[in-house]
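See structure below.
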Amino acid sequence: MEGPSPVGGKYSFDNENRKKIPKGLSAPSLFRPPKNSYTEEVIAEVENEFPDAIGDAAPFLYPTTHAEAHKALRLFLKDKLALFGDYQDAIQKEESFLFHSVLSPLMNTGLLTPQEVIHAAINHAQKHSVSLNSLEGFLRQIMGWREFVRASYLLKGSFQRSSNFFHHHEKIPKRFWEGSVGILPIDTIIKRILKTGYCNHIERLMVLGNFLLLTETSPHEIYKWFMGHFVDAYDWVMVPNVYGMSQYADGGTIVTKPYVSSSNYIIKMSNYPKGEWTEIWDGLFWRFLQKHHSLFSSNYRTLSLIQILKKNESSIFPKIQKAEVWLTDYRSSSTY
537 MEGPSPVGGK YSFDNENRKK IPKGLSAPSL FRPPKNSYTE EVIAEVENEF PDAIGDAAPF
597 LYPTTHAEAH KALRLFLKDK LALFGDYQDA IQKEESFLFH SVLSPLMNTG LLTPQEVIHA
657 AINHAQKHSV SLNSLEGFLR QIMGWREFVR ASYLLKGSFQ RSSNFFHHHE KIPKRFWEGS
717 VGILPIDTII KRILKTGYCN HIERLMVLGN FLLLTETSPH EIYKWFMGHF VDAYDWVMVP
777 NVYGMSQYAD GGTIVTKPYV SSSNYIIKMS NYPKGEWTEI WDGLFWRFLQ KHHSLFSSNY
837 RTLSLIQILK KNESSIFPKI QKAEVWLTDY RSSSTY
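In our numbering, the protein residues as written are 537 to 872.
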């Protein structure tokens, strides 16, 4: 704050944080501490005791000590914070880490506290050239969203985890678990998760969550899938994020609209090429809007989508039909 006003004249710079990563720009590598005797022992135990478990324990990537966690924080501030804001919503088919801090597993396990991360970021920004949209965007993720999620869990968690606004009951097919859905961004991200236990927040919300909502998957199944796949998964994190933010299962307790989009959003924010997957995705999207016409038409933020659907119904209907055929095949595949 500068007196009674926020630094820079506004509380949020989120509209400046939606850039696509340009060709030729590469993010610095994620800090990967060397394995020690403890991690080697745990990897061996997991492989021996759970040979059929999902994922791969061997390429363990994350700090396990306070010293390693603090080094990860320092390197993020030095190498990535300056561009974090611009590209925090970007997606790349090559990797998920990009300019993200990947500090959530370290804070959620207690290797770092939110307070020390916040103080370190502010101190770094005061001494170095860090744009306000990067600093504010990073602090808002911790002071804003993380604390909001925790409060939502404490106040609304019991309601959220028992809710299913859309009455979705579909199981998650084995194809999804394995990353062989046939939808390029879905398969790419899932195969990466199986190696790293991580993908960034936009991939979770606007790719995985988006797709699972469009395919009418049970939010309870989605919750279990997310809890079992992510290194930063805790009940207090996943209940509001899955039932509230991602799936709108609570009917809008913490968000104002369902987070669904056509393939255009993914194309706009990433380097994924167009293909048959975009036609399927778009058909699923318009099918969902058509099915929940009254909900989307009663919300001023989504009314324009319904107007587009009405205006272009003759050209959109074949896409919906194609998606219906694809969805029937997808649902008929085996489940775990």
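Backbone N, C-alpha and C define an ideal beta-carbon position, used for all residues, glycine too.
Contact under 7 Å by Cβ, residue i with residue j
i: residue 876; j: residue 696; result: No answer is possible for residue 876: it lies beyond the span of the chain, which begins at 537 and ends at 872.
i: residue 579; j: residue 593; result: yes
i: residue 625; j: residue 554; result: yes
i: residue 701; j: residue 787; result: yes
i: residue 704; j: residue 631; result: no
i: residue 669; j: residue 549; result: yes
i: residue 641; j: residue 771; result: no
i: residue 822; j: residue 852; result: yes
i: residue 689; j: residue 569; result: no
i: residue 595; j: residue 731; result: yes
i: residue 706; j: residue 725; result: no
i: residue 839; j: residue 833; result: yes
i: residue 621; j: residue 565; result: no
i: residue 808; j: residue 720; result: yes
i: residue 711; j: residue 573; result: no
Option in the options with minimal Cα separation from residue i
i: residue 813; options: 758, 747, 693 and 595; result: 747
i: residue 692; options: 774, 605 and 584; result: 774
i: residue 825; options: 809, 849 and 869; result: 849
i: residue 784; options: 745, 768 and 654; result: 745
i: residue 845; options: 741, 864 and 820; result: 820
i: residue 737; options: 750, 839 and 674; result: 674
i: residue 571; options: 599, 583, 560 and 589; result: 599
i: residue 733; options: 761, 720, 711 and 833; result: 761
i: residue 781; options: 682, 854 and 622; result: 682
i: residue 648; options: 680, 608 and 557; result: 608
i: residue 698; options: 840, 789, 655 and 680; result: 789
i: residue 664; options: 611, 618 and 633; result: 618
i: residue 637; options: 808, 612, 858 and 867; result: 612
i: residue 634; options: 671, 556, 799 and 653; result: 556
i: residue 676; options: 653, 694, 854 and 662; result: 653
i: residue 791; options: 835, 802 and 756; result: 835
i: residue 646; options: 546, 602 and 694; result: 602
i: residue 867; options: 627, 709, 715 and 729; result: 709
i: residue 628; options: 560, 755, 858 and 686; result: 560
i: residue 713; options: 757, 678 and 575; result: 757
i: residue 661; options: 680, 576 and 610; result: 610
i: residue 765; options: 727, 798 and 801; result: 727
i: residue 827; options: 841, 837 and 815; result: 841
i: residue 855; options: 869, 843 and 815; result: 815
i: residue 671; options: 857, 542 and 574; result: 542
i: residue 718; options: 643, 582, 735 and 859; result: 859
i: residue 605; options: 644, 711 and 686; result: 644
i: residue 650; options: 678, 658 and 847; result: 678
DSSP bridge partner residues for residue i (one or two, in chain order)
i: residue 753; result: 706
i: residue 871; result: 709
Local conformation of residue i per DSSP, three classes
i: residue 541; result: strand
i: residue 784; result: coil
i: residue 715; result: coil
i: residue 649; result: coil
i: residue 630; result: coil
i: residue 694; result: helix
i: residue 687; result: helix
i: residue 797; result: coil
i: residue 572; result: coil
i: residue 789; result: coil
i: residue 699; result: coil
i: residue 779; result: helix
i: residue 563; result: coil
i: residue 518; result: Outside the displayed span of the chain (537 to 872) sits residue 518, for which this structure offers no information.
i: residue 853; result: helix
i: residue 807; result: coil
i: residue 773; result: helix
i: residue 640; result: helix
i: residue 551; result: helix
i: residue 858; result: helix
Ranges of the alpha helix (DSSP H) found wholly within the region 811-848, counting only runs of at least 4 = 812-827, 829-833 and 839-847
- Inside the region 655-681 only - alpha helix (DSSP H) runs reaching at least 4 residues: 668-675
Legend entry - Those runs of the alpha helix (DSSP H) which lie wholly inside the region 576-629 and span at least 4 residues: 602-615 and 617-623
Tell me the start and end of each unbroken alpha helix (DSSP H) in the region 723-769 that is at least 4 residues and wholly inside, in chain order. 746-750 and 755-765
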